[in-house]
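Asker:
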Amino acid sequence: MTELPLRALRAGDRAWVERVAAGGSLVRRLREMGLHQGAEVRMVRPGSPCIIHLDGQTLCFRAAELDAILVRPAPASAPSREARPQPAEIDSP
Amino acid sequence: MTTLAAESRVRTVALVGNPNTGKSTLFTALSGIHQRVGNYPGVTVEKKLGSFHHAGRRWLLLDLPGTYSLAPRSPDELVAVDVLLGRRADTPPPDVILAVVDASNLRRNLYLLSQLLELGRPVVVALTMNDVARGRGLAVDVEGLAARLGVPVVPVQARSGQGLERLRQILAAAADAPPPAPLNPFPESFRREAASLADTLHLPPFLAERLLLDADGFLAHRLLDQPNARTALQDARDRLAAAGFAAADFEAEVRHDWAGRLAAAVVDPSQARPVTASDRIDRLLTHPVAGTAILALILLLLFQAVFSWAQAPMEAIESTVAALAGLVESHLPDGALRSLLAEGVLGGIGAVIVFLPQILILFFFLGLLEDCGYLARAAYLMDYWMAKVGLSGKSFIPLLSSFACAIPGIMATRVIEDRRDRLTTILIAPLMSCSARLPVYTLLIAAFVPDRRIWGIFGAQGLTLLAMYLVGIAAAAVVALLLKRTALRGDAPAFVLELPSYKWPAWRVVAWRMLERGWVFVQGAGTTILAVSILMWAALYYPRLPATVAAQHAERQAELETALAAAEAAGDPAAIEAAQAALDQARAAAAGAQSRQSWLGRAGRWIEPLVQPLGWDWRIGTAAIASFPAREVVVAALGVLFDVGTDADESSGRLRETLQTASWPDSGRPLFTLPVALSLMVFFALCMQCAATLAVIRRETNSWRWPIFAFAYMTILAYLGALVTYQIATRLTGS
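Just so you know, the protein sequences line up as chains A and B, in that order.
Letter by letter, the first sequence follows residues 319 to 411 in my numbering.
Letter by letter, the second sequence follows residues 394 to 1128 in my numbering.
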């Protein structure tokens, strides 16, 4: 699978963070909160602001700066560290 | 044996941790009622201090603001670092750092801990949320964690008090032990570079390391004023870049790698169970439609509670103050002292505590919503709309609270971490039409807006009231956009909101937060409000009427009192009523004459040319100035100035009729027309006539600059708004 910006994920999609390019203060803050290469994310509510699951936390932030974060979508069958029988969200973009 | 003096010395513990880790709960559990709140000078950071006694010694507890990292990017964030390094003259250096670590979110919490362990001070870890972690199958091997960290780890359950006694003992032991060797996860070559930079710049090693890591320049700008120091930093950075340590990710990679390996060693991931309850609730509560509807419902209930529950205590406070004033008046001879005590001092104290019921009730409910995790969801839902005026979802609740009263609204801005967003929110909060404007609107709408239907369904009076609220909201949106583009311009803040797992609120924390806000208001704003009340009293009391005029008024009143006594003796109800009315009118005339003669009345006359373009005469101008302590005072001030008496309120028919028939003295044409009433209402919708709000802005921003700015801009805005309203309405109505 190819790299995508984080904002391209749809509700319920899981992905691995591939690259966190230099960014503004939001990206720095997210990095401190665990958004670094190899971390697993799941999009809960896409859009801006979006809600993601990251390493057991639920975070909400605006999508404006997120082109700096590139992810590799996980195939639906891939085992998850979170071990979740997902996805099942109500809305789609 | 050590000396007695050294033994009795106070020990200081600094509490540090991520937001939402139960840090406040632990702080409250450790210090109980021994808490106080202040400000660090020069910044908007709250200084929370607590204390407890243990092993014959007093322990000072410093609660630092919740943070994810010790990489300061603003003066506010630098406070925590400076306190921990003992670099602030106003705060004792901590003997022990108490790191609060959330067991259910271990890896992220270890990131901050890795920074704390580099400071070279004794560290004790309080492990919270153990029940949540166990529930998710993420139980932490406490001994294993302590052994790997080299510092004590104490599991605590602050709500039940479990582990607290042991925590105190271990804190005492750690404070007496030599500090552990700093733990540093960075490669040897990086550490050497940081150490040599620290030597060159005479800085603590931690700050030298931060200078190397933080490329945004805040710290360099703050700490280095010598050009050669900047050159030394640049040279060190260049050498590190050549060695491959310059990636933006470098620090995060190193620390997360350390935290990840440590977490993997002390938590068995195979036991992990998915978090489902919070997710399932969130599917409903963060839904764009259903979630927003639920938010609206919750807020409706909240405001219903604030208004209906606060009413009785507010009335009780007002009647108690009035009773006390009556007591003063009946026990003291007529004169300046009696008037000062009854109107200046008691009126001032009443003006302070009358706000307490609303503040306490609002903060009780906001505390509940915050502690159970809901406020973050509300901020998420509203962020889209707040972003349109340059703010974030975190400004929504403070602004909404300001419709009840700007004071709790401004105090609620403490949840906004970004300084510019917080200041903008504070500065526009008073534009929300608060409950104190309602008497002004009610009086003027009832007197001058015709009770007509528009398009069959809308009442003209209701629409006018709605328009006043919309004027404030529209002005607030424009001012917010302007502020964020000019005085408070800057990088968009890192808006990251953690949506914590839902939990049952900790009642003790909620109650403490509520009482603390109430106390901060009474203590921080009360003195200013009292002082303003006394000044305004003096401006309205002095100078006295000339003795001959005062004697004439007294004579007339004495005559009427005699007539009243005669009527009462005769027992004729109609005669008593007529005599009473004549006496009231004479008293009101005396009060009116005095107020027109006072400094305030003279000021009103002096500014008349300024307020004439608004359609006002000097009496309306005087009433507007007299309402500086509080907007609702304008109703009573109009009552006095138009000879209706001091106890007029917005529902008084006599005041309404008097205003309807008032006329310009020179031409005899009616003074109050619809355009004048509208211009006066718009003025009060936009003006900053509230000493309590100004005092709270000063308390919250820790400077007089912002309240002065708020007063200036809102007064200009109100004047221009009233001017435009009057001029347009005059042309439209053709009067």
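Glycine is no exception: its CB is placed at the ideal position from the N, C-alpha and C atoms.
Smallest Cα separation from ALA539/B: which of VAL494/B, GLY528/B and MET522/B?
Answerer: If we check each option's Cα against that of ALA539/B, VAL494/B comes out closest.
Asker: Please work out which residues of its chain come closer than 7 Å, Cβ to Cβ, to THR818/B, disregarding the five sequence neighbours upstream and downstream, and give them in chain order.
Answerer: Only LEU784, SER788, PRO791, LEU792, THR806 and ILE809 meet the Cβ criterion.
Asker: Kindly list, in the order they appear in chain A, the residues whose Cβ is closer than 8 Å to that of PHE888/B.
Answerer: Result: LEU344, PRO367, PHE379 and ARG380.
Asker: For ALA339/A, which of PRO323/A, ALA329/A, PRO391/A and MET351/A has the nearest alpha-carbon?
Answerer: Measuring from the Cα of ALA339/A, the nearest candidate turns out to be PRO323/A.
Asker: When DSSP labels each residue in this structure, what does PRO334/B get in the three-state scheme?
Answerer: Given a span of 394 to 1128 for chain B in the structure shown, any question on residue 334/B remains unanswerable.
Asker: Any idea if PHE851/B is buried or exposed, counting beta-carbon neighbours within 10 angstroms, 16 or more meaning buried?
Answerer: By the 10 Å Cβ count, PHE851/B comes out exposed.
Asker: To the nearest angstrom, how far is the alpha carbon of ASP609/B from that of ALA532/B?
Answerer: Approximately 38 Å between the Cα atoms of the pair.
Asker: Does the beta carbon of VAL335/A come closer than 8 Å to any beta carbon on chain B?
Answerer: No, no contact with chain B.
Asker: Using a Cβ-Cβ cutoff of less than 6 Å, which residues in the same chain neighbour ASP483/B once the five nearest sequence positions on both sides are dropped?
Answerer: Cβ within range, chain order: n/a, list empty.
Asker: From what residue to what residue does the beta strand (DSSP E) around ALA492/B run?
Answerer: From DSSP, the beta strand (DSSP E) with ALA492/B extends over 489 to 495.
Asker: Under 8 Å between C-beta atoms, does ASP409/A make it to chain B?
Answerer: Only weak support is given to the placement of ASP409/A: the predicted model assigns it a pLDDT of 41, under 50, and the question is left unresolved by the model.
Asker: So with Cβ pairs under 8 Å, would you call ASP373/A a contact of chain B?
Answerer: It does: the Cβ of ASP373/A has a partner Cβ on chain B nearer than 8 Å.
Asker: In the structure shown, what three-state DSSP assignment does ALA407/B receive?
Answerer: In this structure, ALA407/B counts as strand in the three-state DSSP scheme.
Asker: For a test of the three-state rule: what should DSSP assign to ALA983/B, helix, strand or coil?
Answerer: ALA983/B: helix per DSSP, three-state reduction.
Asker: Under 8 Å, Cβ to Cβ, is there at least one residue of chain A near GLY603/B?
Answerer: Note that residue 603/B corresponds to Arg in the displayed sequence, not to Gly. Cβ-Cβ to chain A under 8 Å: no for ARG603/B.
Asker: So, does the CB of THR679/B fall closer than 8 Å to a CB anywhere in chain A?
Answerer: For THR679/B, the answer is yes, since a Cβ of chain A falls inside 8 Å of its Cβ.
Asker: What's the C-alpha gap between LEU1113/B and ASP814/B?
Answerer: Between LEU1113/B and ASP814/B, the C-alpha separation is close to 26 Å.
Asker: Using a Cβ-Cβ cutoff of less than 7 Å, which residues in the same chain neighbour LEU755/B once the five nearest sequence positions on both sides are dropped?
Answerer: Excluding positions up to five away in sequence, the list reads VAL699, SER794, ALA797 and PRO801.
Asker: With a threshold of 8 Å, are at least 3 pairs of Cβ atoms found where one atom belongs to the segment 981 to 999 of chain B and the other to the segment 1025 to 1038 of chain B?
Answerer: Counting Cβ pairs under 8 Å, three or more are found: they touch.
Asker: Along the segment 493 to 505 of chain B, where does the CB come closer than 9 Å to a CB of chain A? Name the residues.
Answerer: Here the close residues are SER497, ASN498, LEU499, ARG500, ARG501, TYR504 and LEU505.
Asker: Counting along the chain, where does the beta strand (DSSP E) carrying ARG429/B start and finish?
Answerer: Taken as a continuous stretch (DSSP letters only), the beta strand (DSSP E) holding ARG429/B covers 428 to 432.
Asker: Across which residues does DSSP place PRO391/A in a beta bridge pair?
Answerer: DSSP, once it has assigned bridges, lists ALA333/A as partnering PRO391/A.
Asker: Interface residues of chain A around ASP1154/B at Cβ under 8 Å?
Answerer: There is no way to answer for residue 1154/B, as the model of chain B reaches only from 394 to 1128.
Asker: Would you tell me roughly how many angstroms separate the C-alpha atoms of ALA971/B and VAL871/B, rounded to the nearest one?
Answerer: Their Cα atoms are separated by approximately 54 Å.
Asker: From the DSSP output, in three-state form, read off GLN973/B for me.
Answerer: Note: GLN973/B maps to helix in three-state DSSP.
Asker: If you check the beta carbons only, do PHE748/B and PHE914/B fall under 8 Å apart?
Answerer: Result yes, Cβ atoms of PHE748/B and PHE914/B sit closer than 8 Å.
Asker: Can you tell me whether VAL1117/B is buried or exposed? The criterion is at least 16 other CB atoms within 10 Å of its CB, across all chains shown.
Answerer: Burial call: exposed.
Asker: Whose C-alpha, out of GLU1093/B, LEU1087/B, SER1096/B and THR1094/B, is nearest the C-alpha of PHE1104/B?
Answerer: When only C-alpha atoms are compared, the closest one is LEU1087/B.
Asker: Tell me whether SER1056/B sits in a helix, a strand or coil according to DSSP, three-state version.
Answerer: Of the three classes helix, strand and coil, the one that applies to SER1056/B here is strand, per DSSP.
Asker: Using the beta-carbon of each residue, which ones in chain B are nearer than 8 Å to GLY352/A?
Answerer: ARG500, ARG501, TYR504 and HIS649, listed in chain order.
Asker: Any beta carbon of chain B sitting closer than 8 Å to that of ARG349/A?
Answerer: Yes, its Cβ sits closer than 8 Å to a Cβ of chain B.
Asker: By the DSSP assignment, the beta strand (DSSP E) with ALA519/B in it spans what residues?
Answerer: It spans 516 to 521 - the beta strand (DSSP E) in which ALA519/B sits, taken as one unbroken run.
Asker: Spell out whether any CB of chain A is found under 8 Å from the CB atom of LEU600/B.
Answerer: Taking Cβ atoms only, chain A never reaches closer than 8 Å to LEU600/B, which makes this a no.
Asker: ASP764/B versus chain A: which residues are under 8 Å apart at the beta carbon?
Answerer: The contacting residues do not exist; ASP764/B stays about 17 Å from chain A at best.
Asker: By the criterion of Cβ-Cβ separation under 9 Å, what are the contact partners of VAL338/A in chain E?
Answerer: Note that chain E does not occur in the displayed structure, where the protein chains are A and B.
Asker: Who are the Cβ neighbours of PRO750/B in its own chain at under 6 Å, not counting the five residues just before and after it?
Answerer: Contacts found: ALA703, PRO706 and MET707.
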